[in-house]
Each structure stands twice: as structure tokens, then as C-alpha cells.
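Participant: Take a look at this one; I'll ask things after.
Number of protein chains: 2
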Amino acid sequence: MAVFAGQGDARRSMALLWRAGAVPGGDAGGRPGPKPALTLDMIVGAAIAVADEHGMAALSMRAVGERLGRTAMALYTYVPGKGELLDLMYDQVLAELPTGYDLGAGWRAAVSAWARDLCELYLRHPWMLQVSQVRPVLGPNEYAMLDTLLSLLRVTGLDREPLRSLVGTLFHFVRGSAATIAESRQAEAATGVGDREWWLDRAGSLQEVAPDFADRFPQVVWLDSVPPPPRPAEPGPYLEQAARRTFQAGLDLILDGAEAAR
Amino acid sequence: MAVFAGQGDARRSMALLWRAGAVPGGDAGGRPGPKPALTLDMIVGAAIAVADEHGMAALSMRAVGERLGRTAMALYTYVPGKGELLDLMYDQVLAELPTGYDLGAGWRAAVSAWARDLCELYLRHPWMLQVSQVRPVLGPNEYAMLDTLLSLLRVTGLDREPLRSLVGTLFHFVRGSAATIAESRQAEAATGVGDREWWLDRAGSLQEVAPDFADRFPQVVWLDSVPPPPRPAEPGPYLEQAARRTFQAGLDLILDGAEAAR
DNA sequence: CCTCTATCCTTACGCCGTACGGAGACAAGG
DNA sequence: CCTTGTCTCCGTACGGCGTAAGGATAGAGG
Chain A
0 MAVFAGQGDA
10 RRSMALLWRA
20 GAVPGGDAGG
30 RPGPKPALTL
40 DMIVGAAIAV
50 ADEHGMAALS
60 MRAVGERLGR
70 TAMALYTYVP
80 GKGELLDLMY
90 DQVLAELPTG
100 YDLGAGWRAA
110 VSAWARDLCE
120 LYLRHPWMLQ
130 VSQVRPVLGP
140 NEYAMLDTLL
150 SLLRVTGLDR
160 EPLRSLVGTL
170 FHFVRGSAAT
180 IAESRQAEAA
190 TGVGDREWWL
200 DRAGSLQEVA
210 PDFADRFPQV
220 VWLDSVPPPP
230 RPAEPGPYLE
240 QAARRTFQAG
250 LDLILDGAEA
260 AR
Chain B
0 MAVFAGQGDA
10 RRSMALLWRA
20 GAVPGGDAGG
30 RPGPKPALTL
40 DMIVGAAIAV
50 ADEHGMAALS
60 MRAVGERLGR
70 TAMALYTYVP
80 GKGELLDLMY
90 DQVLAELPTG
100 YDLGAGWRAA
110 VSAWARDLCE
120 LYLRHPWMLQ
130 VSQVRPVLGP
140 NEYAMLDTLL
150 SLLRVTGLDR
160 EPLRSLVGTL
170 FHFVRGSAAT
180 IAESRQAEAA
190 TGVGDREWWL
200 DRAGSLQEVA
210 PDFADRFPQV
220 VWLDSVPPPP
230 RPAEPGPYLE
240 QAARRTFQAG
250 LDLILDGAEA
260 AR
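Those protein sequence lines, which keep their order, are chains A and B. So in numbering that gives the first Met the number 0, the last one in the first sequence is 261, and the numbering has no gaps at all. So in numbering that gives the first Met the number 0, the last one in the second sequence is 261, and the numbering has no gaps at all.
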């Protein structure tokens, strides 16, 4: 299922994302009351750690609080709610991305590197793929990522409108591809034996449950009749190998389209 | 947040998806005990109705049961759990898609129509965009959709491997684009005043919270400095208009890439 | 009739997010 | 110093969730 983010006061969310205004974790200069023992960054960091280690399903306010030696309610001094915390986590993780790429080998190579880095980021933090894309976050690091990508794509000379399309297409593609790879990893983790066995098991189930599969879906059978050859030189499990090759090929497809549009 | 689907017994899930074996909602020929008052399809239909009308967040076993005049626990006779129900909902909705397209005007037109139909489907049932893509569903209608798309793409003459890339790219693109459009719709619904105002409000917040925005993200400012012109002839709100134009342009980009790969 | 099975419901458990209000720390004003 | 006001942190509690366990009941086969 998808995880929703904060729907609350947009102004407050933005202030948190951009660390503007009197954030509780700030310097707290000369204010009455006890000094804050936590900072916003500590909370966001703990939440990211929980999600990385135990998955999105295990991310609860209580779990984050416990990791910091506090109760769940202690967090509400710093964060209006779980949704806003998710926004902060999302934007925080994006800070891991590089903000510049070498254009010496051409814009295609640079954009490919950007796409790979973003994909790897998603795979380091698979819970990001479960944060609903239906609501924008609009944090500083999201804009930084966009700015970085645009600085690479500007050298194509494309105008604003086609550039908007290209940017959207690239984002959608990377996110979707990362989800596919994450899926193959999860398949391996679930069975423990490796994803080739998992896939064979699935195929077996299908055969049992739909004996007329080949008649109903001839094109699918055709596509899968010659599976992508495993290349022992490449690292990672079988399905992930295939997904990675598909990633590069799909990316080239998009960039070919971009080249044609110049 | 993302919504997770069933992790349980894969065999059982597949049997349900493909309506194989002794499903409680079946004909129940000569079995002891009271006749089942519900069918699997009734439950899945009720669940889809709940999600369509009140959103994914309102989809609970209790809500689905109530819609059928039953309690939540009554559903567990038909469905192992909420995750499996989600799988069934997802696959059921895909049955709305056409299974054939006219290739008379060329494969590009046909694929464009396919992509538009899928996008519209997502927008009719936006909760689908919040079903995590990290786990595959592998239901009959998912395969039917794939088979339909493949039958269109086969006429390109592309081989299996590039076709796999193309298919993945198209799926990712359509899903991502639909999410963007859904986002713009939600923006409108949230404020009630229309998305142009919403966007201006966001921009205002940004200006407040990050006065140095233009210095930090010059490329973004460049991109947004000339907004896409509103075209009064087109229906729908402003942001959605823009998103739809971007959709077609991005799709053309991908298809150009595919054409180049032939 | 009895018996066995399948449907449906009641109850209950342990989670969740979070509203509310109290306890205590600390700065500023007297 | 004490008082006052404010802010942090937490204890408690509420209403929701998914669902495990077991009881009541309906109906078919003997």
C-alpha cells in the first residue's frame, strides 16, 4: 500500500523543509523553558534509519521515538505529524545526490550517470518508492536535484517545453525502474533461495492456475520464451541483472528520443 | 505513504487472482453449511467503490464489510487479508482496459491510444497509483494488458530485448505521468479555488521561506520563468492541461526513441 | 434424526496516529 | 531571592486499524 504524507498546513511544512523560522531544534537563543534535547535533524535521521533497517511498514512514531530514547509524543514538539516527517525524510535523503556532473564526455554520459545515481539512491532507501508521488514535496534538495539535471540538459539546446517533457519522462523512468529492481531484490529476500527459483515457482503457480496461459497470452509467451541470457560477469542476482540491462537500454531509448528532438 | 499488498501464501493469492480452485464465492455445489451470501466479485467491487469514492486512506476491511451489510470479519472467509484484497482490486480494475487497438493508422497511433487509455484508467481510480509497485501482482488482467501492448509493439519488428526495455519504459512513463496529473487534481480539490491559485500560493511560500531561491536554483527559475501558456480551448484545470501536453510530448519522445531503435 | 462443515459474528489483542493536559526546566522581571 | 510565563517532554487516553480465536447457526449427507 502507499504511504501518504502530510496534508496539514502548507506554510508550516515548507518552513520545516527549508529550515526557516523558529524551528524547535534551532539555537533556542535566550528562550525560556528547558533546552531542546533533540534536533529536527536527529529525528529525521532516526526515522530514516528505522525505515532503512526495518522497512516502511515498521516506521512508526513510537519506533522513531524509541530509537532516540524518547516517547512518540516527544517528537510532536518538533514535527507536526508523521506525514510531515515523511516529507522531511524524503528531502533529506535526496541530499545524498551529487550536485554536479562532468560534461566532458557529453551530455548523454552525464545524464546517464545522473540517472544511475538516482536509481542507486532509491535502491539504498527502497521505502522512498513507497512514498506516494501523488503529492509534491517541494523541498530544497528536490529542487537541487532538478537544478542539477537541468544544468546537464540545457546543453542539448532544447527549449523549455520539450525540456519539461524530458525531465518528467526521466524521473518517471528512473523511479519505475528502481521499483522493478527493488521488486527483484525483495523476491530474493522473501524466498531466501534466489530469484531464479522464485521466478520458476511463480511460473509453476501460473501453469497450475491457468493451464491455458499460452493460448490466452501468446505475445507474453513469445516475449518470455527466450529469457535474457545471464551474464556471469555481472554482479547481483539474475533478475536484477536483467533489470539493470533493461534500465540502460530504456534510458538510451529516451535519450535517443531527446536527441531526435533537438 | 505507500500501501503494501499481501505477502502471504503465493499459491493461495494466485488461485484467487485467477479464480482457480474452490473459491468460497463459487457455485458451492452440494457443500454443507450455509450458502455463501457474498461472492469474491461482490467484495472486490465494494472495495473498489470505497476506494474510488473516499480514497485509499478510507479503505478498511470494516468499511468494505459495512458497504455489504456485513462485519469486517465476514470478509475473511473469502479473502485471506487486506493485501490480497488489494491485489484483487488492482487486477479487477485493469479489466476495464480495451484488449485490442486498430493498427490501421500505424503502431504509433495505436500505442498512443493504449497509453492514453491506461492513463485515464489510473485517473479514474487514483488509488491505484498508491499501490506499491515494489511487488508484482501477476493477475490475468495484468497479463492481458501486457499482451495487448505487445501485440501493438510487435509490428515494429523489434527483438525481445529492446522490446522489454520499451515496455518497461512505457509503463513507468504512463504511471508517473498519471501520478503528476492526479497530483494537480488533488491540488485543486484541496484548496477548492483552482490550481492556479494553489500554485501561486506555493510560489509565495517558497519566496517567503527561501528568499535566495533564484540564486540557488537558476535552472529551475529559467524553466519556470516562461510558464506553459494556458489554452482556453482545452478542458480541465490549468496544471492538468500542462500535464496532459507534457504527457503527449513525453510519449512521442519515447516512441521516437523506439523508432530510432528499429 | 444426528453429524459435520462452512458462513458469519462477537470479542479481544496489540498495534497505530495523535489530542489533551500535567510536570518540570529554565529565562526574564521584580 | 521568588514569581511568572513559556517551552519541553511525557502519561494517559481515544478512536481507528488488521486480524486471531472461538462461538452461534445454517444447511447438506448420512
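In this text, a Cβ means the ideal position worked out from N, Cα and C, and glycines have one as well. Predicted model, so just to flag it, every value in this text is computed and none were measured.
Pair every Cβ in the stretch 138-151 of chain A with every Cβ in the stretch 215-223 of chain A, then say whether three or more of these pairs are closer than 8 Å.
Facilitator: No, they do not touch.
Participant: Please report the straight-line C-alpha distance between Gly175 (chain B) and Trp126 (chain B), rounded to a whole angstrom.
Facilitator: Counting from 1 along the second sequence, the entry for residue 175 (chain B) is found at position 176. Counting from 1 along the second sequence, the entry for residue 126 (chain B) is found at position 127. Cα to Cα, the separation comes out at about 13 Å.
Participant: Report the three-state DSSP secondary structure of Val130 (chain A) (helix, strand or coil).
Facilitator: Sequence index remark: in the first sequence, residue 130 (chain A) carries index 131 (1-based). Strand.
Participant: Taking Leu39 (chain A) and Tyr77 (chain A) to be in contact with their CB atoms under 8 Å, please state how far apart those CB atoms are, rounded to whole angstroms.
Facilitator: Walking along the first sequence from the start, residue 39 (chain A) turns up at place 40. Walking along the first sequence from the start, residue 77 (chain A) turns up at place 78. Correct: roughly 5 Å between the Cβ atoms.
Participant: If you check the beta carbons only, do Val173 (chain A) and Ala114 (chain A) fall under 8 Å apart?
Facilitator: As a position in the first sequence, residue 173 (chain A) is number 174, starting the count at 1. As a position in the first sequence, residue 114 (chain A) is number 115, starting the count at 1. It is a contact, given that the beta carbons lie within the stated cut-off.
Participant: Residues of chain A with CB closer than 7 Å to the CB of Gln91 (chain B), please, in chain order.
Facilitator: Walking along the second sequence from the start, residue 91 (chain B) turns up at place 92. Correct list: empty, because the minimum Cβ distance to chain A is about 16 Å.
Participant: Any idea what DSSP makes of Glu95 (chain B), helix, strand or coil?
Facilitator: Walking along the second sequence from the start, residue 95 (chain B) turns up at place 96. Three-state DSSP puts Glu95 (chain B) in coil, outside helix and strand.
Participant: Taking 7 Å as the cut-off, is the C-beta of Leu84 (chain B) nearer than that to any heavy atom in the ligand GTP?
Facilitator: As far as ligands go, the structure on display features none, and thus does not contain the ligand GTP.
Participant: Identify, in the order they occur along the chain, each residue of the same chain with its Cβ nearer than 6 Å to the Cβ of Asp26 (chain A), setting aside the five sequence neighbours on each side.
Facilitator: Along the first sequence, one-based indexing puts residue 26 (chain A) at 27. The predicted position of Asp26 (chain A) is uncertain, since its pLDDT is 48 and thus under 50; a value taken from the coordinates is nonetheless stated next. Cβ neighbours of Asp26 (chain A) beyond the five flanking positions: none.
Participant: For Gln240 (chain A) and Ile180 (chain A), I'd like the C-alpha separation in whole angstroms.
Facilitator: Taking the first residue of the first sequence as 1, we reach residue 240 (chain A) at position 241. Taking the first residue of the first sequence as 1, we reach residue 180 (chain A) at position 181. Whole-angstrom Cα-Cα distance: 9 Å.
Participant: Of all the residues that make up the stretch 242-257 of chain B, which are near chain A by a beta-carbon distance shorter than 9 Å?
Facilitator: Cβ contacts with chain A come from Ala242, Arg244, Thr245, Phe246, Gln247, Ala248, Gly249, Leu250, Asp251, Leu252, Ile253, Leu254, Asp255, Gly256, Ala257.
Participant: I'd like to check one pair, Leu252 (chain B) with Gly256 (chain A): are the Cβ atoms closer than 8 Å?
Facilitator: Here residue 256 (chain A) corresponds to residue number 257 of the first sequence, with the count starting at 1. Here residue 252 (chain B) corresponds to residue number 253 of the second sequence, with the count starting at 1. Yes, the Cβ-Cβ distance between Gly256 (chain A) and Leu252 (chain B) is below 8 Å.
Participant: Return helix, strand or coil for Ser59 (chain A), following the three-state DSSP convention.
Facilitator: On the first sequence, residue 59 (chain A) is found 60 positions in, with the first residue counted as 1. Here Ser59 (chain A) sits in coil by DSSP.
Participant: Can you list the residues of chain B that Ala209 (chain A) reaches, using a CB-CB cut of under 8 Å?
Facilitator: The residue you call residue 209 (chain A) lines up with position 210 of the first sequence. Within chain B, the residues near Ala209 (chain A) are Trp17, Ala19, Pro139.
Participant: Whose Cβ in chain A lies nearer than 7 Å to the Cβ of Thr98 (chain B)?
Facilitator: One-based indexing of the second sequence puts residue 98 (chain B) at position 99. Residues of chain A passing the Cβ test: none, with the nearest at roughly 10 Å.
Participant: Do you know how far the Cα of Leu85 (chain A) is from the Cα of His171 (chain A)?
Facilitator: Indexing the first sequence from 1 puts residue 171 (chain A) at position 172. Indexing the first sequence from 1 puts residue 85 (chain A) at position 86. Roughly 20 Å separates the two Cα atoms.
Participant: Counting only the same chain and skipping the five closest in sequence on each side, list residues whose C-beta sits under 6 Å from that of Ala50 (chain A).
Facilitator: Mapped onto the first sequence, residue 50 (chain A) falls at position 51. The residues are Leu58, Trp126.
Participant: Give the secondary structure of Thr147 (chain B) by DSSP, where H, G and I count as helix, E and B as strand, and everything else as coil.
Facilitator: Residue numbering aside, residue 147 (chain B) sits at position 148 when the second sequence is read from its first letter. In the structure shown, Thr147 (chain B) sits in a helix (DSSP, three-state: H, G or I).
Participant: Any Cβ of chain A within less than 8 Å of the Cβ of Asp8 (chain B)?
Facilitator: The residue given as residue 8 (chain B) occupies position 9 in the second sequence. No, because no Cβ of chain A sits closer than 8 Å to the Cβ of Asp8 (chain B).
Participant: Could you list which residues in chain B have their beta carbon closer than 8 Å to that of Asp51 (chain A), in chain order?
Facilitator: Stepping through the first sequence from its first residue, residue 51 (chain A) is reached at position 52. Per Cβ cutoff of 8 Å: no residues; Asp51 (chain A) is ~15 Å from chain B at best.
Participant: Less than 8 Å between the CB atoms is what I'm expecting for Ala186 (chain A) and Leu122 (chain A), so what's the real figure, rounded?
Facilitator: On the first sequence, position 187 is the one that residue 186 (chain A) refers to. On the first sequence, position 123 is the one that residue 122 (chain A) refers to. No, Ala186 (chain A) and Leu122 (chain A) are not in contact; Cβ-Cβ is about 14 Å, not under 8 Å.
Participant: Cutting at 7 Å between CB atoms, please list the residues of its own chain near Ala213 (chain B), excluding the five before and the five after it.
Facilitator: Mapped onto the second sequence, residue 213 (chain B) falls at position 214. Around Ala213 (chain B): Val220.
Participant: Please report whether the beta-carbon of His124 (chain B) lies at a distance below 8 Å from any beta-carbon of chain A.
Facilitator: Within the second sequence, numbered from 1, the residue matching residue 124 (chain B) stands at position 125. No, its Cβ sits nowhere closer than 8 Å to a Cβ of chain A.
Participant: Give me the residue from B:Asp223, B:Phe246, B:Gly54 with the minimum Cα distance to Tyr142 (chain A).
Facilitator: Within the first sequence, residue 142 (chain A) is the residue found at index 143, counting from 1. If we check each option's Cα against that of Tyr142 (chain A), B:Asp223 comes out closest.
Participant: Can you find a CB in chain A that lies within less than 8 Å of the CB of Asp26 (chain B)?
Facilitator: On the second sequence, residue 26 (chain B) is found 27 positions in, with the first residue counted as 1. Confidence is the limiting factor: at Asp26 (chain B) the pLDDT is only 47, short of 50, which leaves the residue's position unreliable, though a coordinate-based value still follows. No, because no Cβ of chain A sits closer than 8 Å to the Cβ of Asp26 (chain B).
Participant: For Asp51 (chain A), which of helix, strand or coil comes out of DSSP?
Facilitator: The residue you call residue 51 (chain A) lines up with position 52 of the first sequence. Three-state DSSP puts Asp51 (chain A) in a helix.
Participant: Tyr77 (chain B) by DSSP, collapsed to three states: which one?
Facilitator: Indexing the second sequence from 1 puts residue 77 (chain B) at position 78. Three-state DSSP puts Tyr77 (chain B) in coil, outside helix and strand.
Participant: Going by the beta-carbon positions, is the gap between Ala178 (chain B) and Gln247 (chain A) smaller than 8 Å?
Facilitator: Numbered from 1 along the second sequence, position 179 holds the residue referred to as residue 178 (chain B). Numbered from 1 along the first sequence, position 248 holds the residue referred to as residue 247 (chain A). Not a contact, by the Cβ cut-off of 8 Å.
Participant: Of all the options B:Val130, B:Glu207, B:Leu37, which has the alpha carbon lying nearest to the alpha carbon of Glu65 (chain B)?
Facilitator: Here residue 65 (chain B) corresponds to residue number 66 of the second sequence, with the count starting at 1. With distances taken between Cα atoms, Glu65 (chain B) lies closest to B:Leu37.
Participant: Measure the alpha-carbon distance for Gly32 (chain A) versus Ala73 (chain A) and round it to whole angstroms.
Facilitator: Indexing the first sequence from 1 puts residue 32 (chain A) at position 33. Indexing the first sequence from 1 puts residue 73 (chain A) at position 74. Rounded to the nearest angstrom, the two C-alpha atoms are 15 Å apart.
Participant: If we cut at 8 Å on Cβ distances, does Ser111 (chain A) have a partner in chain B?
Facilitator: Residue 111 (chain A) sits at position 112 when you count from the first residue of the first sequence. So no, Ser111 (chain A) is outside the interface.
Participant: Which residue wins for smallest C-alpha separation from Leu120 (chain B), given the options B:Pro97, B:Ala188, B:Gly138, B:Glu258?
Facilitator: Position 121 of the second sequence, counting from 1, holds the residue named residue 120 (chain B). Ranking B:Pro97, B:Ala188, B:Gly138, B:Glu258 by Cα distance to Leu120 (chain B) puts B:Pro97 first.
Participant: In three-state DSSP terms, what is His124 (chain B)?
Facilitator: Within the second sequence, numbered from 1, the residue matching residue 124 (chain B) stands at position 125. In this structure, His124 (chain B) counts as coil in the three-state DSSP scheme.
Participant: Among the candidates A:Arg261, A:Ala19, A:Ala56, whose CA atom is the shortest distance from the CA of Thr155 (chain A)?
Facilitator: Residue numbering aside, residue 155 (chain A) sits at position 156 when the first sequence is read from its first letter. With distances taken between Cα atoms, Thr155 (chain A) lies closest to A:Arg261.
Participant: For the stretch 141-154 of chain A, which residues have a CB atom closer than 9 Å to at least one CB atom of chain B, in sequence order?
Facilitator: Of all residues in the stretch 141-154 of chain A, Tyr142, Ala143, Leu145, Asp146, Thr147, Leu148, Leu149, Ser150, Leu152, Arg153 have a Cβ within less than 9 Å of some Cβ in chain B.
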